[in-house]
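A.B. asks: Under the UniProt record's numbering, the first residue of the sequence shown is numbered 1, with each subsequent residue one higher.
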Amino acid sequence: MANRDRPVNETRSRLTLRRNGNLVLTDGIGSTVWLTNTFSGVGMEVHGLCGEYIICIYNPQPICTCPHGFSLRDHSNWSKGCSLSVILSHDSNKLDFMEIPNSDYFAYDLDTIAIGISYEECRDACLYDLRCKGFGYARDGSEVRYPKSFLLNGFHKPSTFISMYIKILKGLSTNEALKKLKPYELNCSAALVALDSGYPKVAKSNKIRYTKYLIGFVSSFPIIEAIYIGLTWWYVFRNQAKEEFVNMGYIELAMGFKRFTYAELKKATNNFKQEHKLLVYEYLENGSLDKILFSDAELGLEQKYKIALGIAKGLSYLHEECLEWVLHCDIKPQNILLDDQLEPKVADFRMSKLFTDIYGIKDMQGRRFSKAWGTKGYMALEWMMNLKIDAKADVYNYGIVLLELLSGKSASILISTLAKEYNEWNQPVQYVTEKIEIEGLKEVINPRLLCEYEKKKLERLMKVTLLCVQEDRNARPTMSKVMEVLLDNDHE
Numbered sequence: 001m002a003n004r005d006r007p008v009n010e011t012r013s014r015l016t017l018r019r020n021g022n023l024v025l026t027d028g029i030g031s032t033v034w035l036t037n038t039f040s041g042v043g044m045e046v047h048g049l050c051g052e053y054i055i056c057i058y059n060p061q062p063i064c065t066c067p068h069g070f071s072l073r074d075h076s077n078w079s080k081g082c083s084l085s086v087i088l089s090h091d092s093n094k095l096d097f098m099e100i101p102n103s104d105y106f107a108y109d110l111d112t113i114a115i116g117i118s119y120e121e122c123r124d125a126c127l128y129d130l131r132c133k134g135f136g137y138a139r140d141g142s143e144v145r146y147p148k149s150f151l152l153n154g155f156h157k158p159s160t161f162i163s164m165y166i167k168i169l170k171g172l173s174t175n176e177a178l179k180k181l182k183p184y185e186l187n188c189s190a191a192l193v194a195l196d197s198g199y200p201k202v203a204k205s206n207k208i209r210y211t212k213y214l215i216g217f218v219s220s221f222p223i224i225e226a227i228y229i230g231l232t233w234w235y236v237f238r239n240q241a242k243e244e245f246v247n248m249g250y251i252e253l254a255m256g257f258k259r260f261t262y263a264e265l266k267k268a269t270n271n272f273k274q275e276h277k278l279l280v281y282e283y284l285e286n287g288s289l290d291k292i293l294f295s296d297a298e299l300g301l302e303q304k305y306k307i308a309l310g311i312a313k314g315l316s317y318l319h320e321e322c323l324e325w326v327l328h329c330d331i332k333p334q335n336i337l338l339d340d341q342l343e344p345k346v347a348d349f350r351m352s353k354l355f356t357d358i359y360g361i362k363d364m365q366g367r368r369f370s371k372a373w374g375t376k377g378y379m380a381l382e383w384m385m386n387l388k389i390d391a392k393a394d395v396y397n398y399g400i401v402l403l404e405l406l407s408g409k410s411a412s413i414l415i416s417t418l419a420k421e422y423n424e425w426n427q428p429v430q431y432v433t434e435k436i437e438i439e440g441l442k443e444v445i446n447p448r449l450l451c452e453y454e455k456k457k458l459e460r461l462m463k464v465t466l467l468c469v470q471e472d473r474n475a476r477p478t479m480s481k482v483m484e485v486l487l488d489n490d491h492e
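#1: Tell me the rounded alpha-carbon separation between Glu-99 and Ile-208.
#2: Let me check understanding here. Comparing Cα to Cα, which of Phe-70, Gly-51, Phe-155 lies closest to Asn-102?
#3: Where does the unbroken alpha helix (DSSP H) through residue 545 begin, and where does it stop?
#4: Measure the C-alpha to C-alpha separation of Ser-480 and Ser-316 and round it to an integer number of angstroms.
#5: For Glu-99, which beta-bridge partners are listed by DSSP?
#6: Whose C-beta lies closer than 7 Å to the C-beta of Glu-264 among residues of the same chain, with five residues either side of it excluded?
#7: Check the DSSP bridge columns for Pro-344 and list the partner residues they point to.
#8: Is DSSP giving Ile-54 helix, strand or coil here?
#9: Between which two residues does the alpha helix (DSSP H) containing Cys-126 stretch?
#10: Between Pro-147 and Phe-135, is the Cβ-Cβ spacing less than 8 Å?
#11: Tell me which residues share the same chain as Phe-349 and place their Cβ nearer than 8 Å to its Cβ, disregarding the 5 neighbours each side in the sequence.
#12: How is the beta strand (DSSP E) around Val-24 delimited, first residue to last?
#13: Pull up the distance between the alpha-carbon of Thr-16 and that of Val-24, whole angstroms please.
#14: Provide the residue span of the beta strand (DSSP E) that contains Ala-138, from first to last.
#15: Which partner residues of Asp-488 appear in the DSSP bridge assignment?
#16: According to DSSP, is Pro-147 part of a helix, a strand, or is it coil?
#17: Which one or two residues does DSSP pair with Phe-70 in a beta bridge?
#18: What do you get for Lys-392, buried or exposed, if any count of 16 or more other CB atoms within 10 angstroms of its CB means buried?
#19: With H, G and I counted as helix, E and B as strand and the rest as coil, what does DSSP make of Ser-288?
#20: Checking 8 Å against the spacing of the C-beta atoms, do Pro-344 and Gly-374 come in under that value?
#21: What do you get for Gln-341, buried or exposed, if any count of 16 or more other CB atoms within 10 angstroms of its CB means buried?
#22: Once the 5 residues before and after Ser-92 are set aside, which same chain residues still bring their CB inside 8 Å of it?
#23: Distance, Cα to Cα, Phe-70 vs Lys-80?
#24: Give the straight-line distance between the Cα atoms of Leu-337 and Tyr-283, rounded to the nearest whole angstrom.
#25: Quick one: residues in its chain with C-beta nearer than 8 Å to the C-beta of Arg-73, no 5 flanking neighbours on either side, listed in chain order?
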């Protein structure tokens with residue numbers, strides 16, 4: 001409303017065009033001098049606020065929304081409009097129209113308004129025109145059509161008789177509930193945006209949602225703490241309950257045995273003897289060393305040297321590196337297992353003993369046994385003489401195994417056939433020593449190794465063998481020393 005009785009001559013006066021289309025003149029102190037009264041009663045017919053395809057609805061505040069199947073290009077700026085989730089085809093057979101009742105897009109008509117044209121004619125005209133994105137059709141009896149090249153300035157008003165038909169792909173049809181097109185029933189793929197605010201309502205909704213998440217997260221701490229305490233309590237006390245249950249089982253078992261006499265228990269358990277005993281080994285592909293050493297299978301010098309070094313490493317670990325030093329007492333080819341790469345492993349610890357006395361202190365001086373342990377042909381002289389037994393007994397066993405590796409004959413054959421002229425315990429040692437001194441090294445080793453004869457390596461291996469089978473155990477080297485000698489030879 002203009003106020004002609006109040007002229008404005010101040011330098012700070014301002015003429016403002018508001019969002020609703022009205023002009024406002026204010027003076028220097030900001031008070032309204034006059035304004036135009038041209039705004040729409042519905043409020044959404046002010047153009048240019050919403051982008052392409054967007055429809056403005058009054059609910060009761062003006063809001064922008066996208067038609068069914070469309071989504072906002074930018075949720076923070078609705079002026080960029082909506083976009084279809086798929087690209088429209090140029091093939092008219094794949095196109096269809098979506099009806100939005102009581103709605104229209106202002107301006108951007110393709111041609112002059114046509115009157116008296118049927119809906120089908122109007123539809124076909126837009127369908128085959130690549131420029132046409134939709135058309136408005138009045139169903140109030142006037143049969144007026146409005147083909148559109150751009151769908152801008154859209155609005156929904158229940159009082160209008162025009163229905164808007166937007167070109168879409170077939171299969172993307174509107175829900176039946178949309179035909180009435182109430183503002184709160186419009187199926188929008190984007191958030192509703194208020195026109196009277198510079199930011200979308202979705203920001204406010206997100207803020208509320210984030211606040212709820214924060215409150216829920218903080219309130220969940222007591223629940224998490226209660227669960228943690230419960231699980232801890234269960235873990236601690238379940239072990240105690242299990243231990244008490246086991247102890248009670250032992251007590252019940254002991255009480256049950258008291259009901260029977262020793263004679264009854266002995267009879268029930270077959271005199272406490274098992275009919276069958278089994279020795280369980282780790283499965284290795286090549287079995288024990290004796291299966292290969294005393295068979296037709298041929299082992300080369302490098303393979304035998306590798307096996308000798310591997311056995312030395314194993315015994316060195318048992319004698320000097322274990323927390324409790326172990327005396328094996330029965331080193332022989334049957335107790336050496338070979339994997340698929342011929343890497344040896346020491347097995348069968350049935351006769352093994354620990355190097356500890358009654359105080360748990362490692363005993364380097366050895367100990368006496370009530371009887372001899374081991375296999376005939378491999379046992380050291382100190383077993384027969386009832387001397388103290390230490391790690392040097394295993395060293396002697398190892399020397400006999402090396403002798404078998406080099407000669408290709410078992411210890412029993414060496415004793416019975418190759419050294420008949422010797423009647424003492426250490427027959428193989430004397431035989432081999434004299435053979436080497438009189439006839440040379442090649443008279444003792446396996447003839448199969450002659451084609452691979454490497455003098456330095458064979459001499460080193462034979463030297464270690466003879467040192468390990470000395471009658472005087474103090475003259476025998478430790479297994480760690482044997483390992484060092486073989487490794488030095490391996491690096492030459």
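A virtual CB, placed ideally from N, CA and C, is assigned to each residue, including glycine. Bear in mind the structure is a predicted one, so any value in this text is a computation, not a measurement.
C.D. replies: Reading from the atomic positions:
#1: Residue 99 sits at position 99 when you count from the first residue of the sequence shown. Residue 208 sits at position 208 when you count from the first residue of the sequence shown. Approximately 35 Å between the Cα atoms of the pair.
#2: In the sequence shown, counting from the first residue as 1, residue 102 sits at position 102. Per the Cα distances, Phe-155.
#3: Given a span of 1 to 492 for the chain in the structure shown, any question on residue 545 remains unanswerable.
#4: Stepping through the sequence shown from its first residue, residue 480 is reached at position 480. Stepping through the sequence shown from its first residue, residue 316 is reached at position 316. Roughly 5 Å separates the two Cα atoms.
#5: On the sequence shown, position 99 is the one that residue 99 refers to. In the DSSP output, where bridge partners are listed per residue, Glu-99 has Tyr-165.
#6: By 1-based counting over the sequence shown, the position of residue 264 is 264. Closer than 7 Å at Cβ, skipping near neighbours: no residue.
#7: Taking the first residue of the sequence shown as position 1, residue 344 is located at position 344. For Pro-344, which the question treats as bridged, DSSP gives the partners Leu-338.
#8: Here residue 54 refers to the residue found at position 54 when the sequence shown is read from its first residue. Coil.
#9: Working through the sequence shown from its first residue, we reach residue 126 at position 126. 119 to 127 is the span of the alpha helix (DSSP H), which, as asked, contains Cys-126.
#10: Residue 147 sits at position 147 when you count from the first residue of the sequence shown. Residue 135 sits at position 135 when you count from the first residue of the sequence shown. Yes, these two residues count as a Cβ contact at 8 Å.
#11: Within the sequence shown, the letter at position 349 stands for residue 349. Val-326, His-328, listed in sequence order.
#12: The residue given as residue 24 occupies position 24 in the sequence shown. First-last of the beta strand (DSSP E) with Val-24: 23 to 26.
#13: Residue numbering aside, residue 16 sits at position 16 when the sequence shown is read from its first letter. Residue numbering aside, residue 24 sits at position 24 when the sequence shown is read from its first letter. Approximately 5 Å, taken between the alpha carbons.
#14: As a working note, residue 138 is residue 138 in the sequence shown. Start and end: 134 to 138.
#15: Position 488 of the sequence shown holds residue 488. In DSSP, Asp-488 forms no bridge with anything.
#16: Within the sequence shown, the letter at position 147 stands for residue 147. Looking at Pro-147 - three-state DSSP - the assignment turns out to be strand.
#17: Stepping through the sequence shown from its first residue, residue 70 is reached at position 70. For Phe-70, which the question treats as bridged, DSSP gives the partners Leu-84.
#18: Within the sequence shown, the letter at position 392 stands for residue 392. Buried, by the Cβ-count rule.
#19: Taking the first residue of the sequence shown as position 1, residue 288 is located at position 288. Residue state, collapsed to three classes: strand.
#20: For the purposes of this step, residue 344 is taken as residue 344 along the sequence shown, with counting starting at 1. For the purposes of this step, residue 374 is taken as residue 374 along the sequence shown, with counting starting at 1. Against a cut-off of 8 Å, the Cβ pair of Gly-374 and Pro-344 comes out as no contact.
#21: To locate residue 341, count along the sequence shown from 1; it is residue 341. Burial call: exposed.
#22: On the sequence shown, residue 92 is found 92 positions in, with the first residue counted as 1. Cβ within range, chain order: Leu-127, Tyr-128.
#23: For this step, residue 70 is matched to residue 70 along the sequence shown. For this step, residue 80 is matched to residue 80 along the sequence shown. Their Cα atoms are separated by approximately 13 Å.
#24: Here residue 337 corresponds to residue number 337 of the sequence shown, with the count starting at 1. Here residue 283 corresponds to residue number 283 of the sequence shown, with the count starting at 1. Whole-angstrom Cα-Cα distance: 9 Å.
#25: For this step, residue 73 is matched to residue 73 along the sequence shown. So the qualifying residues of the chain are Gly-51, Lys-80, Gly-81, Cys-82, Ser-83.
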